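Numbering (our numbering), first residue to last: 11 to 149.
Structure, rendered in structure tokens:
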């Protein structure tokens, strides 16, 4: 049997870590979560703005211990968002190629996206953090 992937594993692998403290999105977006290594995400957003290739992995853990791994990569042209979580509103699971990435408060969105099926999506919620974590990552 496969060992469950833990927060310790995600730390070792250098992931950005999101620990949901609730299953309810309203509570999550209002701060019912812990995030670590969010500086890697702010660096990634900066690299995209500068046209520099980069990639990052995000590990999301639910209160029941279940784990989802999302990733972002940028090849100098498009941002590829691989979303294995799919439980945030307006953010279906799948792989999307997007033009832009923006942070608004504790939320990060990707926009002008196309799914692997060729479907156009204007904006996807791609990451939920906390204002505090983003503030601390700026230091």
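Just so it is clear, CB atoms sit at the ideal spot from N, CA and C, and this is done for glycine as well. This one's a predicted model, so the numbers in the text were calculated from it and none came from an experiment.
Three-state class that DSSP yields for residue 100 in the structure shown: Looking at residue 100 - three-state DSSP - the assignment turns out to be coil, as it is neither helix nor strand.
Assigned secondary structure, residue 31 (DSSP; H/G/I helix, E/B strand, else coil): Coil.
Identity of the residues DSSP links to residue 20 by a beta bridge: BP columns for residue 20 are empty, so no partner.
Residue 79 - partner residues in DSSP beta bridges: Here residue 79 is bridged, per DSSP, to 69.
Buried or exposed by the 16-neighbour rule on C-beta atoms within 10 Å, applied to residue 80: Around the CB of residue 80, 16 or more other CB atoms lie within 10 Å, so the residue is classed as buried.
Beta-carbon gap between residue 46 and residue 70 smaller than 8 Å: Not in contact: residue 46 and residue 70 (Cβ atoms no closer than 8 Å).
Under 8 Å between C-beta atoms of residue 43 and residue 140: At the C-beta level, residue 43 and residue 140 come within 8 Å of one another.
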